[in-house]
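Undergrad: Below you'll find the structure I mean.
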Amino acid sequence: MSMENKEGPEKFSFLQEVIKEKPLNRKKLMHKAAGLAAAGILFGAFASISFCVFQPWVDEQLNAEEEITIPKDEEPEEHPQEAKAEEEEREPELTLENFEELERAMYQVAAEANKSIVSVTSAGEDDNWTEEERKEGTGACGVIMPSNSREYLILTMGSAIKDAEQIQVTFGDGASCDAAVRKKDAVLGIAVLAVDRNQVSDSTKSQIQEAVLGNSNMTYKGDVVIALGSLFGYSKGMGYGIISSNKNTVSVADRVYRLLDTDIPASRQGSGVLFNIDGEVIGFTFAAEQVTDESSTLRVLAVSDVKEELEKLLNGNSVPYIGIVGTNVTDEIAEAQKLPKGIYIKEIEADSPGMAAGVQCGDIITAMDGDPVVTVKALHNKLLTFQPGDEVKLSAKRLGSEGYVEISYTVVIGGAEKK
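The sequence shown maps to residues 34 to 452 in our numbering.
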């Protein structure tokens, strides 16, 4: 007899593991929190020290103003006109259409160059500009020079901003912006102004450009030129002409400069810029009164002769200054007049470093810091290697009862803006 399992299928039960949470160890927790806090303090201290150490360097890199450089031009050829005359001559076949085409081409060059021309208006403490003056830019001419990323740098006449409390620059589209004096050169009578680029709208920026400085050493008699600026008694003037002479020079304190004469009629009180047919600046009329004469035609200072001074001014540096006006004693003059070779002092500017050092009219300078300087140009080039405040030794000869005797002076170089 079979037996039945009355209890049914066998039931299996599985063990279920229950993981209990560890009791909180407050002591270990406190140690861990303290460690994290200490690490945070150390990290913060290290970050603070690093910030203090590197912040000046970072600021310097971010705010560093890039230096503006103007390459020096080569000296002109000894006989450029003869070289030109040897070129093969071609028989021109000109018609009225050729002339009209030339006029249009000249105007296009002038219009492009005119984008770098501005008007500079200044006012004293009690003066106010009218809206018409702001819009028309009725002041002196200025030219936008090679600039930096933060400012537009503008060259203009020093007399245009003399004793000015306010200065405004008006661009070609009529927009005006405040300007500040960056640096002056009272010997040349020029000044560099700075306009913050943030003041200038995008619309105006699209219509202006920095001038390109050409090589005036390669400018010859008969070359076609373009004059722009306030040269004819009104602003925004434009004229065409030719170089009538490139042989004249002018002597100012410590320097001698070449002049470019043209056949373009111009006002003596005018100010402007001379361009070649490539649209490059080859001269300007912002210089001191010594540069101008009674002529009614345009005479400008050759730009190649002043590029080193311009580079200093654009970078906010002073042009070194002694204050002596001299002339070269050449071999011929030395033999005829029985004079030593060197720089004959014709004039000493009042209260100048040269006067303070004891330089006298009639002295003949022969060396600076031991290097021979027998021409004004050599003296000028040597002077540009120094900074205001430097002491230099000038060697000279002075006429005494028994002929010329050796003398020397110690000169503390000044800055041309304080002339």
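Even glycine gets a Cβ: it sits at the ideal position worked out from N, Cα and C.
If you compare alpha carbons, which of G303, S239, E435 and S236 is closest to G266?
TA: Residue mapping note: residue 266 aligns to position 233 of the sequence shown, counting from 1. The shortest Cα separation from G266 among G303, S239, E435 and S236 belongs to G303.
Undergrad: Kindly list the residues whose CB is nearer than 6 Å to the CB of A299, restricted to its own chain and excluding five residues on each side of it in sequence; keep chain order.
TA: Position 266 of the sequence shown, counted from the first residue, corresponds to residue 299. L264 and L331.
Undergrad: Taking the runs of the alpha helix (DSSP H) that are 4 residues or longer, which of them lie wholly in the region 163-223?
TA: With a minimum length of 4 residues, the continuous alpha helix (DSSP H) runs that stay inside the region 163-223 are 164-169.
Undergrad: By how many angstroms is the C-alpha of R301 removed from the C-alpha of S278?
TA: As a working mapping, residue 278 is identified with position 245 in the sequence shown. As a working mapping, residue 301 is identified with position 268 in the sequence shown. Taking the straight line from one Cα to the other gives about 18 Å.
Undergrad: Pull up the DSSP beta-bridge partners for A335, would you.
TA: For the purposes of this step, residue 335 is taken as residue 302 along the sequence shown, with counting starting at 1. Paired residues: G316.
Undergrad: Give the straight-line distance between the Cα atoms of E342 and S268, rounded to the nearest whole angstrom.
TA: Looking up residue 342 in the sequence shown gives position 309. Looking up residue 268 in the sequence shown gives position 235. The alpha-carbon atoms of E342 and S268 are separated by roughly 27 Å.
Undergrad: Would you list, in sequence order, the uninterrupted beta strand (DSSP E) runs of no fewer than 3 residues that lie entirely inside the region 347-406?
TA: 357-362, 375-381 and 397-401, all fully within the region 347-406.
Undergrad: Buried or exposed: H112, going by 16 or more other Cβ atoms within 10 Å of its Cβ?
TA: Walking along the sequence shown from the start, residue 112 turns up at place 79. Residue placement at H112 cannot be trusted, given a pLDDT of 49 that sits under 50; what the coordinates show is reported in the next sentence. The residue is exposed, with fewer than 16 neighbouring Cβ atoms inside 10 Å.
Undergrad: Below 8 Å, can you find three or more Cβ-Cβ pairs linking the region 195-214 to the region 139-154?
TA: With a cut-off of 8 Å, the region 139-154 and the region 195-214 count as touching, because enough Cβ pairs lie within range.
Undergrad: Buried or exposed: where does R291 fall if 16 or more other Cβ atoms within 10 Å of its Cβ makes it buried?
TA: Mapped onto the sequence shown, residue 291 falls at position 258. That one is buried.
Undergrad: Measure the beta-carbon distance from T295 to G274 and round it to whole angstroms, keeping in mind my assumption that it falls under 8 Å.
TA: Here residue 295 refers to the residue found at position 262 when the sequence shown is read from its first residue. Here residue 274 refers to the residue found at position 241 when the sequence shown is read from its first residue. About 5 Å separates the two Cβ atoms, so the contact holds.
Undergrad: Keeping to the same chain, check which residues put their C-beta closer than 6 Å to that of V445; ignore five residues upstream and five downstream.
TA: Mapped onto the sequence shown, residue 445 falls at position 412. These residues qualify, in order along the chain: P386 and E424.
Undergrad: What separation, rounded to the nearest whole angstrom, lies between the Cα atoms of T128 and D311?
TA: For the purposes of this step, residue 128 is taken as residue 95 along the sequence shown, with counting starting at 1. For the purposes of this step, residue 311 is taken as residue 278 along the sequence shown, with counting starting at 1. Looking at the two C-alpha atoms, the distance is approximately 23 Å.
Undergrad: Within the chosen definition, does the region 234-253 reach the region 368-384 through at least 3 CB pairs nearer than 8 Å?
TA: As far as the Cβ criterion goes, the region 234-253 does not touch the region 368-384, which means the pair count is below three.
Undergrad: Helix, strand or coil for D229? Go by DSSP, reduced to three states.
TA: Position 196 of the sequence shown, counting from 1, holds the residue named residue 229. Three-state DSSP puts D229 in a strand.
Undergrad: Rounded to whole angstroms, what is the Cα-Cα separation between F419 and E450?
TA: Here the question's residue 419 lines up with position 386 in the sequence shown. Here the question's residue 450 lines up with position 417 in the sequence shown. Roughly 15 Å between the two C-alpha positions.
Undergrad: Helix, strand or coil for A429, going by three-state DSSP, please let me know.
TA: Position 396 of the sequence shown, counted from the start, is the residue given in the question as residue 429. Of the three classes helix, strand and coil, the one that applies to A429 here is strand, per DSSP.
Undergrad: Grab the span of the beta strand (DSSP E) containing D296 for me, first residue to last.
TA: For this step, residue 296 is matched to residue 263 along the sequence shown. Start and end: R288 to P298.
Undergrad: Since V409 is in the alpha helix (DSSP H), which residue starts that stretch and which ends it?
TA: Taking the sequence shown and counting its residues from 1, one reaches residue 409 at position 376. V409 to L416 is the span of the alpha helix (DSSP H), which, as asked, contains V409.
Undergrad: For N309, name the three-state secondary structure that DSSP assigns.
TA: Counting from one through the sequence shown, the residue named residue 309 turns up at place 276. Reduced to three states, the DSSP call for N309 is strand.
Undergrad: Among N147, A156 and P353, which residue has its Cα nearest to the Cα of V176?
TA: Indexing the sequence shown from 1 puts residue 176 at position 143. Comparing Cα positions, the closest option is N147.
Undergrad: Are the region 253-263 and the region 346-362 touching by the rule of at least three beta carbon pairs closer than 8 Å?
TA: Contact fails: fewer than three Cβ-Cβ distances are below 8 Å.
Undergrad: Quick check: the Cα distance between N250 and K105, rounded to an integer number of angstroms?
TA: Position 217 of the sequence shown holds residue 250. Position 72 of the sequence shown holds residue 105. Going by the C-alpha atoms only, they are around 11 Å apart.
Undergrad: Would you mind working out which of Y354, V336, R288 and T282 sits nearest E107, comparing C-alpha positions?
TA: Residue 107 sits at position 74 when you count from the first residue of the sequence shown. Checking every option, the nearest Cα to that of E107 belongs to V336.
Undergrad: What first and last residue would you give for the beta strand (DSSP E) that runs through T237?
TA: For the purposes of this step, residue 237 is taken as the residue at position 204 of the sequence shown. Segment D235 to K238 is the alpha helix (DSSP H) holding T237; no beta strand (DSSP E) there.
Undergrad: Under the rule that 16 or more other beta-carbon atoms within 10 Å means buried, what is S234, buried or exposed?
TA: The residue labelled residue 234 in the question sits at position 201 within the sequence shown. When all chains shown are included, S234 counts as exposed.
Undergrad: Using 8 Å as the cut-off, can you tell me whether the region 184-201 makes contact with the region 129-142, which would need three or more C-beta pairs spanning the two stretches below that distance?
TA: Verdict: no, contact absent.
Undergrad: Can you find the residues in the same chain that come closer than 7 Å, C-beta to C-beta, to C394, ignoring five residues on each side of it along the sequence?
TA: To locate residue 394, count along the sequence shown from 1; it is residue 361. I378, K379, E380 and I381.
Undergrad: Going by DSSP, which residues form a beta bridge with E424?
TA: For the purposes of this step, residue 424 is taken as the residue at position 391 of the sequence shown. Note: E424 sits in a beta bridge opposite V445.
Undergrad: How about A208 and T189: are their beta carbons less than 7 Å apart?
TA: The residue you call residue 208 lines up with position 175 of the sequence shown. The residue you call residue 189 lines up with position 156 of the sequence shown. The answer is no: Cβ separation not under 7 Å.
Undergrad: Assuming the contact rule is C-beta atoms closer than 8 Å, I398 and V406 should be a hit. Round their C-beta distance to whole Å, please.
TA: The residue you call residue 398 lines up with position 365 of the sequence shown. The residue you call residue 406 lines up with position 373 of the sequence shown. So it is a contact: roughly 7 Å between Cβ atoms.
Undergrad: Taking only three categories from DSSP, how would you classify V245?
TA: By 1-based counting over the sequence shown, the position of residue 245 is 212. V245 falls in the coil class under three-state DSSP.
Undergrad: Mapping DSSP to helix, strand and coil, what is E439?
TA: Locating residue 439 in the sequence shown gives position 406, counting from the first residue. In the structure shown, E439 sits in a strand (DSSP, three-state: E or B).
Undergrad: Should V225 go down as buried or exposed, given a rule of 16 or more other Cβ atoms within 10 Å for buried?
TA: Here residue 225 is taken as the residue at index 192 of the sequence shown, counted from 1. Looking at its Cβ environment, which holds 16 or more other Cβ atoms inside 10 Å, V225 is buried.
Undergrad: Would you give the residue range spanned by the beta strand (DSSP E) that Y273 belongs to?
TA: Numbered from its first residue, the sequence shown carries residue 273 at position 240. Run containing Y273: G270 to S278, per the beta strand (DSSP E) assignment.
Undergrad: Assign R137 to buried or exposed, taking buried as 16 or more other Cβ atoms, counted over all protein chains shown, within 10 Å of its Cβ.
TA: Here the question's residue 137 lines up with position 104 in the sequence shown. Exposed, because fewer than 16 other Cβ atoms sit within 10 Å of the Cβ of R137.
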